[in-house]
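**Student:** Dropping a structure here in structure tokens format, bear with me for questions.
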Amino acid sequence: MKKKLAFIFALAFALFIGWGALTPTTAQAATDDSLSQVQKKGKLVMGTSPDYPPYEFQATVHGKSKIVGMDVAVGQKIAKDLGVKLVVKSMSFDSLLVALQTGKVDMVISGMNPTPARKKNVDFTHLYYQGGYSIVVNKSEKGLYKDKDSFKGKTIGAQTGSTMFNETKKQTTGTKVKGMTSVSDLILALQSHKIDGVAMEKPSAQAYVANNKQLAMIPSHFDLSSSDTSAAVAFKKGSTSLVNAANKSVDQIRKQNLVNKKYLPAAGKHLKTNTVNTSMWHYWKAFLTGVKYTLIITVCSVFFGFILGVILSLARMAHGGVLKTGLRWLATAYVEFIRGTPMMVQVMFVYFGLGLIVNLPALTSGIIAISLNSGAYIAEYIRGGINSVDEGQTEAARSLGLTSASTLRYVVLPQALKNIWPSLGNEFITLIKDSSIVSIIGVSELIFQSNIVRSDTYRGVAPIAVIMVLYFIMTFTASRILNYFERRMQHD
Ligand code: ARG
530 MKKKLAFIFA
540 LAFALFIGWG
550 ALTPTTAQAA
560 TDDSLSQVQK
570 KGKLVMGTSP
580 DYPPYEFQAT
590 VHGKSKIVGM
600 DVAVGQKIAK
610 DLGVKLVVKS
620 MSFDSLLVAL
630 QTGKVDMVIS
640 GMNPTPARKK
650 NVDFTHLYYQ
660 GGYSIVVNKS
670 EKGLYKDKDS
680 FKGKTIGAQT
690 GSTMFNETKK
700 QTTGTKVKGM
710 TSVSDLILAL
720 QSHKIDGVAM
730 EKPSAQAYVA
740 NNKQLAMIPS
750 HFDLSSSDTS
760 AAVAFKKGST
770 SLVNAANKSV
780 DQIRKQNLVN
790 KKYLPAAGKH
800 LKTNTVNTSM
810 WHYWKAFLTG
820 VKYTLIITVC
830 SVFFGFILGV
840 ILSLARMAHG
850 GVLKTGLRWL
860 ATAYVEFIRG
870 TPMMVQVMFV
880 YFGLGLIVNL
890 PALTSGIIAI
900 SLNSGAYIAE
910 YIRGGINSVD
920 EGQTEAARSL
930 GLTSASTLRY
940 VVLPQALKNI
950 WPSLGNEFIT
960 LIKDSSIVSI
970 IGVSELIFQS
980 NIVRSDTYRG
990 VAPIAVIMVL
1000 YFIMTFTASR
1010 ILNYFERRMQ
1020 HD
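What follows is the structure in structure tokens.
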């Protein structure tokens, strides 16, 4: 019976969230103040997926890893013309438009084509550059392929959410299409022969081939009549004033041929200097930053998770009275719900979903999501720990005249803690590893940094090996320290 009620509560919880998501967001504000908003902020935040040279890519500039490329130059021009500062935010291509709609970024410049489907959800400026499609293959196999039609029984890779992904699916027969979130990963997959070709825009194909002697490119011969291969800048739907202002910059770019004359040559220079040093030692700072953020997220999340866990476990053990019963159900439903949904989904929900109400930075969102998640688990550890203290202890304390609160505080909790501690330690170690999930919302933790190093150096395995070792050092050290305290506790 009790289980059933908790189940119903958890279901209600789920339905409530689902219902919120299904109801369409309220119509755009009648007055469009997007331009003045940006000017008031003094900055224009651009979202981009830096895996697409020469459009956007990571490069080491004066010893620092930076996002550069012609799209960044376009963004800079728009920002400058508006009299504000440009801030570039990196994220995966398939989450760019969501970030735009939820206000995480003010505009998206990422070699993005204004397709009819996208136009339904966001507004685009005029076009600033025309690309065209190509397919990148391994040089050793170049003779096998002529164009998109030579891949029968083979696999072509394309970035998820990109136009190439859809067009390759539509315009090939007997060819498998494999989607991956980043183009640099697709290239690695190509080189390790997991796939046979990568569809992308011609300028990008040229850049990858110029940077990597093992690659070659072939014409795609895609029919592009129905899909625009020109790139434009995207803004949130309804921000007409901002789009109009940006259009003035874009028109100038077109008229003065700035992309071909200035932006592309500048990007080319970065590409050349980019692969000078691909030693992992060279990137120790990036890895160190990753370790720092991983530890910050873990420590904060266990701390807040513990507080939440205490509250939840007390609520779950509350008895008597309507209020207490309600509290107990609510806490049970919460724990069930959190444990029944993937942490990855929770992270995205807090970042994008909660972001509609309050605009939280990625790091804060990550810590909130992981604390909320961890709280549910810790609550169960605490409840288990408390339940393991013999009932007689409570009875003895109560008969000595201690209130139930003091009994808990002075008699039960100190003993329970001894049982809770090892599980808490495990939770800490688990979170060191699982906090890596927040890389999907762009928090600069270890996985995120390794992705940067990967796209910076075009090396696939080395950065993964490095972070594997780093994660192990962190978890191993943590478990030694925790064991030490555990042993000390056993003494008393
Ligand atoms: N032009 C293609 C599209 O609009 C792909 C763009 C990919 N851009 C990137 N930065 N990875 O879907």
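Numbering (the working numbering), first residue to last: 530 to 1021.
Even glycine gets a Cβ: it sits at the ideal position worked out from N, Cα and C.
All values derive from a computational prediction rather than experimental measurement.
1. Quick check on this structure: which residue in Ala-734, Asn-740 and Lys-705 has the alpha carbon closest to the alpha carbon of Ile-724?
2. Go through the segment 751-782 residue by residue and report every complete run of the alpha helix (DSSP H) that reaches 4 residues or more, in order.
3. What does the alpha-carbon distance come out to for the pair Ala-558 and Leu-885?
4. May I ask you to list the residues that DSSP assigns as paired with Ile-685?
5. Ile-825 to Trp-810, Cα distance in whole Å?
6. Can we say the segment 883-900 touches the segment 820-835, given the rule of at least three CB pairs closer than 8 Å?
7. Under the DSSP definition of a beta bridge, which residues are partnered with Asn-659?
8. Leaving out five residues on either side along the sequence, give the residues of the same chain with a beta carbon under 8 Å from the beta carbon of Gln-1019.
9. Does the distance between the C-beta of Tyr-584 and the nearest non-hydrogen atom of the ligand ARG fall short of 7 Å?
10. Do Met-636 and Val-788 have their C-beta atoms within less than 8 Å of each other?
11. Should Ala-796 be labelled buried (16 or more other beta-carbon atoms within 10 Å of its own) or exposed?
12. Nearest-angstrom Cα distance between Thr-844 and Thr-758?
13. Can you check DSSP and say which residues form a bridge with Met-746?
14. If you count every other CB in all the chains shown that lies within 10 Å of the CB of Arg-1016, and 16 or more means buried, which is it?
15. Are there any heavy atoms of the ligand ARG lying less than 7 Å away from the beta-carbon of Glu-730, as far as the coordinates show?
16. Taking only heavy atoms of the ligand ARG into account, decide whether any of them is closer than 7 Å to the Cβ of Ala-760.
17. Would you decide whether Ser-928 is buried or exposed? Buried here means 16 or more other CB atoms lie within 10 Å of its CB.
18. Quick one: grab the DSSP three-state call for Gly-571.
19. Confirm, please, whether the CB-CB distance from Val-864 to Leu-889 is below 8 Å.
20. I need the straight-line Cα distance from Met-997 to His-848, nearest angstrom please.
21. Quick check on the burial criterion: 16 or more other C-beta atoms within 10 angstroms. Buried or exposed for Gly-604?
22. If I follow the unbroken beta strand (DSSP E) through Lys-791, where does it start and stop?
23. The beta strand (DSSP E) spanning Glu-585 covers which residue range?
24. Excluding sequence positions up to five away, which residues of its chain have a Cβ less than 7 Å from the Cβ of Ile-537?
25. Based on Cα-Cα distance, which residue from Thr-701, Thr-644, Ile-976 and Phe-586 lies nearest to Ala-815?
26. Please confirm whether Leu-1011 and Gly-954 have their CB atoms less than 8 Å apart.
27. I need the DSSP call for Met-809, collapsed to helix, strand or coil.
28. Does the beta-carbon of Gly-682 have 16 or more other beta-carbons within 10 angstroms, so that it is buried, or is it exposed?
29. Just to confirm, are Lys-606 and Ser-778 a CB contact at a threshold of 8 Å?
30. Tell whether a beta-carbon distance below 8 Å holds between Gly-598 and Glu-730.
31. Write down the C-beta distance between Met-693 and Tyr-662 rounded to the nearest angstrom, noting that I regard them as a contact closer than 8 Å.
32. Would you say the beta carbon of Gln-700 is closer than 7 Å to some non-hydrogen atom of the ligand ARG?
33. Taking Asp-652 as the reference, which of Asp-623, Asn-776 and Ile-981 has the closest Cα?
34. Applying the criterion that 16 or more other CB atoms from any shown protein chain within 10 Å of the CB defines a buried residue, is Glu-920 buried or exposed?
35. Applying the criterion that 16 or more other CB atoms from any shown protein chain within 10 Å of the CB defines a buried residue, is Gly-612 buried or exposed?
36. Pull up the distance between the alpha-carbon of Glu-696 and that of Phe-751, whole angstroms please.
**Tutor:** Let me lay it out:
1. Lys-705
2. none
3. Caution is warranted here: a pLDDT of 48 is assigned to Ala-558, below 50, making its placement in the model unreliable, and no coordinate value can be reported.
4. Val-706 and Gly-726
5. Ile-825 and Trp-810 have their C-alpha atoms roughly 23 Å apart.
6. yes
7. In the sequence under discussion, the amino acid at residue 659 is Gln, which differs from the Asn named in the question. Ser-759, per the DSSP bridge assignment.
8. Lys-947
9. yes
10. In terms of Cβ geometry, Met-636 and Val-788 do not form a close pair [threshold 8 Å].
11. buried
12. A small correction: the amino acid at residue 844 is Ala; Thr does not occupy that position in the sequence shown. Whole-angstrom Cα-Cα distance: 57 Å.
13. Val-665
14. exposed
15. yes
16. yes
17. exposed
18. coil
19. Cβ distance not < 8 Å, so Leu-889 and Val-864 don't count as in contact.
20. About 46 Å.
21. Classification for Gly-604: buried.
22. It is not in any beta strand (DSSP E) - Lys-791 carries neither H nor E in the DSSP assignment.
23. 585-590
24. Cβ neighbours of Ile-537 beyond the five flanking positions: none.
25. Ile-976
26. yes
27. helix
28. exposed
29. In contact: Lys-606 and Ser-778 (Cβ atoms closer than 8 Å).
30. No; because the gap between Cβ atoms is not below 8 Å, this pair is not in contact.
31. 6 Å
32. no
33. Of all alpha-carbon atoms in Asp-623, Asn-776 and Ile-981, the one lying nearest the alpha-carbon of Asp-652 is that of Asn-776.
34. Label assigned to Glu-920: exposed.
35. exposed
36. 8 Å
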